[in-house]
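Have a look at the structure below, then the notes.
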Amino acid sequence: MNHEFNDAWQIRNNFSANVSDARDSQTSPISAIDNRFVELGAAEREFGRDSFSGNIDLIGEFDTGSVSHQLLAGFDVSYTEDFFAFSTAENPPRLDVLDPNYNVPRPDNFVPAFRDDNFSTRYGIYLQDQIDLLDNLKFLIGGRVDWISQRTEVPDEPTQSQNDSAFSPRVGLVYQPSDTISLYTSFSQSFVPTFGSNPDGSVFEPSRGTQYEVGIKTDIIENVLSATLSAYQINKTNITTPDPNNPDFSIQIGEQRSRGVELDVGGEILPGWNITAAYAYTDAEVTEDNSVSVGISW
Numbered sequence: 023m024n025h026e027f028n029d030a031w032q033i034r035n036n037f038s039a040n041v042s043d044a045r046d047s048q049t050s051p052i053s054a055i056d057n058r059f060v061e062l063g064a065a066e067r068e069f070g071r072d073s074f075s076g077n078i079d080l081i082g083e084f085d086t087g088s089v090s091h092q093l094l095a096g097f098d099v100s101y102t103e104d105f106f107a108f109s110t111a112e113n114p115p116r117l118d119v120l121d122p123n124y125n126v127p128r129p130d131n132f133v134p135a136f137r138d139d140n141f142s143t144r145y146g147i148y149l150q151d152q153i154d155l156l157d158n159l160k161f162l163i164g165g166r167v168d169w170i171s172q173r174t175e176v177p178d179e180p181t182q183s184q185n186d187s188a189f190s191p192r193v194g195l196v197y198q199p200s201d202t203i204s205l206y207t208s209f210s211q212s213f214v215p216t217f218g219s220n221p222d223g224s225v226f227e228p229s230r231g232t233q234y235e236v237g238i239k240t241d242i243i244e245n246v247l248s249a250t251l252s253a254y255q256i257n258k259t260n261i262t263t264p265d266p267n268n269p270d271f272s273i274q275i276g277e278q279r280s281r282g283v284e285l286d287v288g289g290e291i292l293p294g295w296n297i298t299a300a301y302a303y304t305d306a307e308v309t310e311d312n313s314v315s316v317g318i319s320w
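Each number in my numbering corresponds to the 1-based position in the sequence shown with 22 added.
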């Protein structure tokens, strides 16, 4: 929903909701008996997630002397809750490998084995100003402050909770030596809540990132075909990965560094005909280890 106060100022509001639920069951061999029978294990898993988010932005343009500004100020909030439940069946039927019967009824005596419920609330405020220092030189500065509260509940165990806050800055510079070429550089930091818990029930730490980027954008054919070439480095901490010892859970590694180059070409080469081509090279490496060997490239 948008509302324009005048030609220079407007307010924008967004809201989204997502509700999901999934369930699966599986049967797997556990052990062999008398070289003929296979003892089976039956399990059910259920996942559910409800998430709601919204934001309000104030967008405006104004001048301070000969300098033009494009201002963005806003507030956002999100709430997420999810659960994971795991149940096992008692004494499922055996499989006779010499006379297999695959029409065995589904067990109806599943017993809850594990469940956790996760709750997360996040608030953020942000401010950004794009400043036209010269006709061909633009400077962007901004930042946001986030507050996050997370809680994990596991039956018969103490509740795990965590509260975090962080300031994430962003700066950038764009220089246009000509009408068809733009040179840019940027620096930004991020703070992203990581939803879920470790196998021991402890809440995941938020993921933090730092990105550096430089690039050039040019019109190969003016107003028809353009290209962008960029190079970047991203450092991230507390990245969630599958637990190699327990595939039903995730764990967090220490730090990962990604370096890469991207090339994008696109435009309308003929009326009604658009072309898009892209190439990306990324070298990702674990630089600090919690669970993955340092130096492994992905």
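Ideal Cβ placement from N, Cα and C applies to all residues, glycine included.
1. Tell me which same chain residues have a C-beta within less than 6 Å of the C-beta of Gln172, skipping the five on either side of it?
2. Would you kindly work out how many angstroms separate the C-alpha atoms of Glu310 and Ile275, rounded to a whole number?
3. If you check the beta carbons only, do Ser42 and Arg71 fall under 7 Å apart?
4. Might you give, ordered along the chain, the residues of its own chain that have their beta carbon closer than 6 Å to the beta carbon of Ala44, omitting 5 neighbours on each side?
5. So, with DSSP's three-state summary, where would you put Ala30?
6. Counting Cβ pairs, one atom from each stretch, are 3 or more of them under 8 Å apart for the stretch 301-310 and the stretch 277-291?
7. Helix, strand or coil, according to DSSP, for Thr181 in the structure here?
8. Short check: CB of Asp151 to CB of Leu195, under 7 Å?
9. Short of 8 Å in beta carbon distance, which residues of its chain neighbour Pro228, apart from the five on each side in sequence? Order them along the chain.
10. Between Ala135 and Asn268, what straight-line distance do the alpha-carbon atoms span, to the nearest angstrom?
11. Tell me which same chain residues have a C-beta within less than 8 Å of the C-beta of Asn15, skipping the five on either side of it?
12. Using beta-carbon positions only, say whether Thr240 and Thr202 come within less than 7 Å of one another.
13. Assign Leu292 to one of three DSSP states: helix, strand, or coil.
14. Determine the closest residue to Ile273 out of Ala302, Asn220 and Thr250, with distance taken between C-alpha atoms.
15. Please say whether Tyr301 and Gly282 have beta carbons closer to each other than 7 Å?
16. Determine whether the beta carbon atoms of Ala111 and Arg137 lie at a separation below 7 Å.
17. Which residues in the same chain have their Cβ closer than 8 Å to the Cβ of Gly164, if we skip the five residues on either side of it in sequence?
In short:
1. The sequence position of residue 172 within the sequence shown is 150, counting from 1. Same-chain partners within the cutoff: Ser142, Gln184 and Val225.
2. Reading the sequence shown from its first residue, position 288 is the one you call residue 310. Reading the sequence shown from its first residue, position 253 is the one you call residue 275. Going from the Cα of Glu310 to the Cα of Ile275 covers about 8 Å.
3. Counting from one through the sequence shown, the residue named residue 42 turns up at place 20. Counting from one through the sequence shown, the residue named residue 71 turns up at place 49. Ser42 places its beta carbon less than 7 Å from that of Arg71.
4. Looking up residue 44 in the sequence shown gives position 22. Once the five neighbours on either side are set aside, the close Cβ partners of Ala44 are Phe69.
5. On the sequence shown, position 8 is the one that residue 30 refers to. Secondary structure of Ala30 (DSSP, three-state): coil.
6. The stretch 301-310 makes contact with the stretch 277-291: 3 or more CB pairs, one atom from each, lie closer than 8 Å.
7. Counted from its first residue, the sequence shown places residue 181 at position 159. Note: Thr181 maps to coil in three-state DSSP.
8. As a position in the sequence shown, residue 151 is number 129, starting the count at 1. As a position in the sequence shown, residue 195 is number 173, starting the count at 1. In this structure, Leu195 does not lie closer than 7 Å to Asp151 by Cβ.
9. Along the sequence shown, one-based indexing puts residue 228 at 206. Excluding sequence neighbours, Pro228 sits near Ile170, Asp186, Ala188, Phe213, Val214, Pro215, Thr216 and Asn260.
10. Position 113 of the sequence shown holds residue 135. Position 246 of the sequence shown holds residue 268. Going by C-alpha positions, Ala135 is about 15 Å away from Asn268.
11. No statement about residue 15 is possible, as the shown extent of the chain runs from 23 to 320 and does not include it.
12. Here the question's residue 240 lines up with position 218 in the sequence shown. Here the question's residue 202 lines up with position 180 in the sequence shown. Closer than 7 Å, so yes.
13. Against the sequence shown, residue 292 aligns to sequence position 270. Note: Leu292 maps to strand in three-state DSSP.
14. Residue mapping note: residue 273 aligns to position 251 of the sequence shown, counting from 1. The shortest CA-to-CA distance from Ile273 to any of Ala302, Asn220 and Thr250 is the one to Asn220.
15. In the sequence shown, residue 282 corresponds to position 260, counting from 1. In the sequence shown, residue 301 corresponds to position 279, counting from 1. No; because the gap between Cβ atoms is not below 7 Å, this pair is not in contact.
16. As a working mapping, residue 111 is identified with position 89 in the sequence shown. As a working mapping, residue 137 is identified with position 115 in the sequence shown. Between Ala111 and Arg137, the gap from beta carbon to beta carbon reaches 7 Å or more.
17. Numbered from its first residue, the sequence shown carries residue 164 at position 142. Sequence-distant partners of Gly164 (beyond 5 residues in either direction) whose C-beta falls short of 8 Å from its own C-beta, in its chain, are Leu94, Tyr148, Leu149, Gln150, Asp151, Pro191, Arg192 and Val193.
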